[in-house]
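Enquirer:
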Amino acid sequence: MNSMPATATASPPERKSVVIISDIHYAADAERACGNDYELRAIRHPLLRALVSIYRHYFWMRHPLEQGRQLDRFLSRKVNADFLVANGDYTCDTGFVGVSHGAAAQSVQECLGKLHERYGGRARFVMGDHELGKLGTFGGNGGMRLASWRCATEQLGLQPFWQLAVGHYRLVGVNSSLLALPAHQGDTLPDEWPEWQRLREAHLVEIRAAFDTLQPEQRVILFCHDPTALPFLWREEPVRRKLDQVEQTIIGHLHTRLILWKSRLLAGIPRINFLGRSVQRFSSALHEAHLWRPFRVRLCPALSGCQLLNDGGYYVMEIDPAAKQPAQFTFHPLPR
Ligand SMILES: [Fe+2]
Ligand SMILES: [Fe+2]
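Structure follows, in structure tokens:
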């Protein structure tokens, strides 16, 4: 006969798993038709074009429009998890104006469709800078467009802000392009600037409310595509007051740990305003990179990693809903 133990101990609540991927840079047919040299063609100066070509070929990504294969490779692993978070940049943004360009919208739709098919309502999506448009790194054309914002939020279903409660944990997704808007003014059109500012303020209202209502026993896992946004978030008093409860901030955008390492090395450098928009943007981000530290940053690399190191992959995060143990992260390499 079975007898009950004298002291019944409640079994600990089951751990929850979250698979995290970032910077898929998927290209559907219309973007693939642009050709892998689409960025180089936008650079007019032959010497600069040659240097960028070498950089792309050996370090960054030789065939940028072939990264969709990595998504298929990831999906073929059938990673079982309670949730999936994708941390932004679903398109290659071949038009440099985000998803208001039909080809980029097609890429995002196809990419999200594949993830929805596998993870359904358990998937959460962070918006990346390429969904909204971005000046070409060296070509100087394109930029953030309100039409892309509308397409991303109204047609493609990308929410600028979301929260997911998992026991005592709150997973929070924010929009780095809006937060770092003051650093991106040069990427916007002058007549669209007031509306971007209004959107940023509305986003901050949501973030402040989320942190204001955070209970002392709760822990936050923050998802923020571009770490350039973190110093702007740090300036928000309700966020700064509860920073101890932010256990980890998952960033993307940098694609490889090599860039994160370089960013930490160069943290605090002065802003460089005389070498063009891209150098200004990059140096401004690094100038304040010391403020990334209080957010306990963890980089989820691009699914394809970088050309040189082939260091792509994804994380699986295991959460103790009672928040007695910190979240555990396991990185799974996904070589090309
Ligand atoms: Fe990216
Ligand atoms: Fe990005």
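Last residue of the sequence shown: 934 in this note's numbering, with the numbers rising by one and none dropped.
Ideal placement from N, C-alpha and C gives every residue a C-beta, glycine not left out.
Give the DSSP-derived three-state secondary structure of Leu897 in the structure shown.
Expert: Three-state result, Leu897: strand.
Enquirer: Please output, in chain order, the residues near ligand 2 using a CB cut-off of less than 5 Å to any non-hydrogen atom of the ligand.
Expert: Those satisfying the condition are, in chain order, Asp687, Gly726, Asp727, His851.
Enquirer: Measuring straight from C-alpha to C-alpha, what distance separates Val724 and Gly911?
Expert: The straight-line gap from Cα to Cα measures roughly 18 Å.
Enquirer: Exposed or buried, what is Gln813 when buried is set at 16 or more other beta-carbons lying within 10 Å of its beta-carbon?
Expert: It counts as exposed.
Enquirer: For Trp794, does the count of other Cβ atoms within 10 angstroms reach 16, so buried, or fall short, so exposed?
Expert: Under this definition Trp794 is a buried residue.
Enquirer: Would you check if the distance between the CB atom of Phe681 and the CB atom of Arg720 is smaller than 8 Å?
Expert: For Phe681 and Arg720, yes; Cβs fall inside 8 Å.
Enquirer: Out of Arg768, Asp727, Gln665, Ile641, which one is the CA nearest neighbour of Ala920?
Expert: Nearest option by C-alpha distance: Arg768.
Enquirer: Flag this pair as yes or no: are the beta carbons of Ser698 and Ser746 separated by less than 8 Å?
Expert: Taking 8 Å as the Cβ cut-off, Ser698 and Ser746 qualify as a contacting pair.
Enquirer: With a threshold of 7 Å, establish whether the CB of Asp621 neighbours any heavy atom of ligand 1.
Expert: Yes, the beta carbon of Asp621 sits closer than 7 Å to at least one heavy atom of ligand 1.
Enquirer: Would you mind listing the alpha helix (DSSP H) stretches within the segment 608-695 that are 4+ residues and don't spill past its ends, in chain order?
Expert: Segments of the alpha helix (DSSP H) lying fully in the segment 608-695: 627-630, 636-639, 644-653, 666-674.
Enquirer: Between the Cα of Arg639 and those of Ala626, Arg654, Ala625, spot the shortest distance and give me the residue it belongs to.
Expert: The option with the nearest alpha carbon to Arg639 is Arg654.
Enquirer: Can you have a look at Ala648 and say buried or exposed, based on whether 16 or more other CB atoms are within 10 angstroms of its CB?
Expert: Counting Cβ neighbours within 10 Å, Ala648 comes out exposed, since fewer than 16 surround it.
Enquirer: Rounding to the nearest angstrom, what Cα-Cα distance links Val683 and Ile849 in this structure?
Expert: C-alpha separation (whole angstroms): 12 Å.
Enquirer: Please report the straight-line C-alpha distance between Val770 and Arg722, rounded to a whole angstrom.
Expert: Cα to Cα, Val770 sits roughly 10 Å from Arg722.
Enquirer: To which residues of the same chain is His782 closer than 7 Å at the C-beta, ignoring the five residues directly before and after it?
Expert: Cβ within range, chain order: Met742, Ser775.
Enquirer: Are at least three pairs of beta-carbons, each pair with one atom in the segment 662-673 and one in the segment 824-833, less than 8 Å apart?
Expert: Output reads no: the segment 824-833 does not touch the segment 662-673.
Enquirer: Is the beta carbon of Ala807 closer than 8 Å to that of Cys749?
Expert: Going by C-beta atoms, Cys749 is not nearer than 8 Å to Ala807.
Enquirer: Would you say the beta carbon of Ala900 comes nearer than 7 Å to a heavy atom of ligand 1?
Expert: Indeed, a heavy atom of ligand 1 lies less than 7 Å from the Cβ.
Enquirer: Since I believe Ala925 is in contact with Met915 (beta carbons under 8 Å), could you give me their beta-carbon distance rounded to a whole number of angstroms?
Expert: The pair is a contact, with the Cβ atoms about 5 Å apart (cut-off 8 Å).
Enquirer: Considering only residues of the same chain and omitting the five flanking positions on each side of Leu673, which have a CB-CB separation below 7 Å?
Expert: Lys712, Arg716, listed in sequence order.
Enquirer: Would Phe821 and Asn685 be called neighbours here (beta carbons separated by less than 8 Å)?
Expert: It is a contact, given that the beta carbons lie within the stated cut-off.
Enquirer: Between the Cα of His888 and those of Gly903, Gln668, Glu799, Lys860, spot the shortest distance and give me the residue it belongs to.
Expert: Taking only the C-alpha atoms, the option nearest His888 is Lys860.
Enquirer: Mind checking His851: buried by the 16 CB within 10 Å criterion, or exposed?
Expert: Looking at its Cβ environment, which holds 16 or more other Cβ atoms inside 10 Å, His851 is buried.
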